[in-house]
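By the UniProt record's numbering, the letter at position 124 of the sequence shown is numbered 124, and the numbering carries on one by one without gaps. For every residue, glycine included, the Cβ atom is placed at its ideal position computed from N, Cα and C. Nothing here was measured: the structure is a model prediction, and the numbers come from that model.
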Amino acid sequence: MPHGREIFRAGNADLGQLHQSRWQWLEEVAGPAVALPTEYPDGYHVPQHRHRRSQLLHALVGVVLVTTRHGRWMVPPDHAMWIPAGIEHSVEMLGDVSMRSVYVMPGAIPGLPEGLRVVGVTELMHSLIVESEKLPQGGELEGRGGLIMKLLLHEIPSLPERPLGLPFPSDARLAALCRRFVAAPSPHATIDEWADAAGMSRRSFTRAFQRQTGLSLSTWRQQACLFAALPRLADGEPITRVALDLGYDSVPAFITMFKRMLGSSPRGYMRGARDNGEGIRRAPPRLEAPAP
């Protein structure tokens, strides 16, 4: 089998074949962490798969939607998703995506997250990820390269978690309601309406939804609205249009929800701390999977 660095000199080769080669290589390569970059075109879908390493999936450019049996997670620019080893997941690209992934062996350091989560990527972590992909991949590194990878690993547990997960309940009736809401989100849906549609009392519905998702219906609905809003905001749509399309009575009401959930106004959030007012949309190369 060719060395891992040679596998990814695929140029315009089929991305499906590239992924099969990559997953096979990841199962065999040594070392506590491996950093790999990939460029994806808008709408590309990576089918369900899993690997023996945990994955820190960083959306450098573009928005990524990760789906597992536990729910869906949105990964906008300046964020990453932690996917524990063995979790089956698929990935959908919303816009052209420049992705940087770090694959980490379980137990590489103490304190690695145990569950799925979306995290904010600090300036330090961003720099470490960019530098790590330039290093030789596989095996233990020494000197500067070893220090970069060690610091990267130690930064993972301290990355701030963001409320960009959208867990789905296990009950088929509740899951159907959630899918319907995601297709047409609105801030005006009520608990009583959902309970009636599920054929449950308000109290039984509330308890079941909280138990199966870990969220109240109100919080879940707000996160679903964020899911609908973020790709459109990333594409440059006006905040007013997005807010009104989602059913908010006013732009201030939408901005208040956005600030409460993500700690920043939509404009400030999408600008991104690293871009210093230059915007987050940059044009990555298309259909190329560069060497790690």
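Helix, strand or coil at residue i according to DSSP, with G and I counted as helix
| i | result |
| --- | --- |
| P240 | In the sequence under discussion, the amino acid at residue 240 is Thr, which differs from the Pro named in the question. Looking at T240 - three-state DSSP - the assignment turns out to be helix. |
| R69 | coil |
| I148 | helix |
| H154 | helix |
| L56 | strand |
| L159 | coil |
| residue 365 | There is no way to answer for residue 365, as the model of the chain reaches only from 1 to 292. |
| A80 | strand |
| L94 | strand |
| G62 | strand |
| Y248 | coil |
| M270 | helix |
Among the options, nearest to residue i - alpha-carbon criterion
| i | options | result |
| --- | --- | --- |
| P136 | A30, S216 and L246 | A30 |
| E114 | M105, G120, T122 and V121 | M105 |
| R72 | S201, A197, Y248 and P169 | P169 |
| A172 | P187, P77 and T213 | T213 |
| L262 | L26, G16, H79 and H58 | H79 |
| D42 | D192, E142, E140 and L65 | L65 |
| E237 | I148, R267 and H126 | R267 |
| T67 | Q210, P167 and G95 | P167 |
| D235 | G95, L56 and Q55 | G95 |
| P157 | S265, Y269 and L56 | L56 |
| L26 | H51, R260, E140 and H45 | H51 |
Through-space distance from residue j to residue i, alpha-carbon basis
| i | j | result |
| --- | --- | --- |
| A108 | V242 | 42 Å |
| W83 | R179 | At residue 83 the sequence reads Ile, which differs from the Trp that was named. So the two alpha carbons sit approximately 22 Å from each other. |
| S21 | G120 | 30 Å |
| A224 | Q24 | 35 Å |
| R144 | R53 | 24 Å |
| A183 | A176 | 11 Å |
| F254 | Y248 | 6 Å |
| L15 | E28 | 20 Å |
| H19 | M200 | 44 Å |
| P185 | G146 | 47 Å |
| H188 | L36 | 43 Å |
| M257 | V102 | 32 Å |
| P292 | Q48 | No answer about P292 holds up, because its pLDDT of 29 lies below 50 and its placement is not dependable. |
| V75 | S218 | 21 Å |
| G11 | V63 | Low confidence applies here, because G11 scores a pLDDT of 39, under 50, leaving its location unreliable and the question unanswered by this model. |
| R162 | H126 | 16 Å |
| P110 | A198 | 43 Å |
| P160 | K150 | 19 Å |
| H3 | T38 | Caution is warranted here: a pLDDT of 35 is assigned to H3, below 50, making its placement in the model unreliable, and no coordinate value can be reported. |
| S216 | F205 | 10 Å |
| R260 | E88 | 31 Å |
| H70 | R211 | 13 Å |
| E142 | M270 | 37 Å |
| Q17 | S265 | 41 Å |
Terminal residues of the alpha helix (DSSP H) in which residue i lies
| i | result |
| --- | --- |
| I87 | Segment: none, I87 is in no alpha helix (DSSP H) and carries neither H nor E. |
| G16 | L15 to E28 |
| H126 | E123 to S132 |
| A234 | L217 to A234 |
| P252 | V251 to L262 |
| A184 | Neither: A184 is in no alpha helix (DSSP H) and is coded neither H nor E. |
Extent of the continuous beta strand (DSSP E) to which residue i belongs
| i | result |
| --- | --- |
| A35 | A33 to Y40 |
| M200 | Run containing M200: none; DSSP gives neither H nor E here. |
| L166 | G165 to P167 |
| H48 | Residue identity check: residue 48 is Gln in the sequence provided, not His. Counting along the chain, the beta strand (DSSP E) containing Q48 begins and ends at H45 to H49. |
| G120 | R117 to G120 |
Contact check, residue i vs residue j, beta carbons under 8 Å
| i | j | result |
| --- | --- | --- |
| M81 | Y40 | no |
| E133 | R100 | yes |
| V61 | V91 | no |
| H58 | I129 | yes |
| A33 | L152 | yes |
| R202 | I191 | yes |
| G86 | V118 | no |
| R221 | F181 | yes |
| E155 | L116 | no |
| F209 | L174 | yes |
Proximity test, Cβ basis, 8 Å: residue i and chain B
| i | result |
| --- | --- |
| H154 | Considering every chain present, this structure includes no chain B. It has just one protein chain. |
Residue i CB to nearest heavy atom of the ligand GTP below 7 Å
| i | result |
| --- | --- |
| V130 | With respect to the ligand GTP, the structure shown offers nothing to examine, as it has no ligands at all. |
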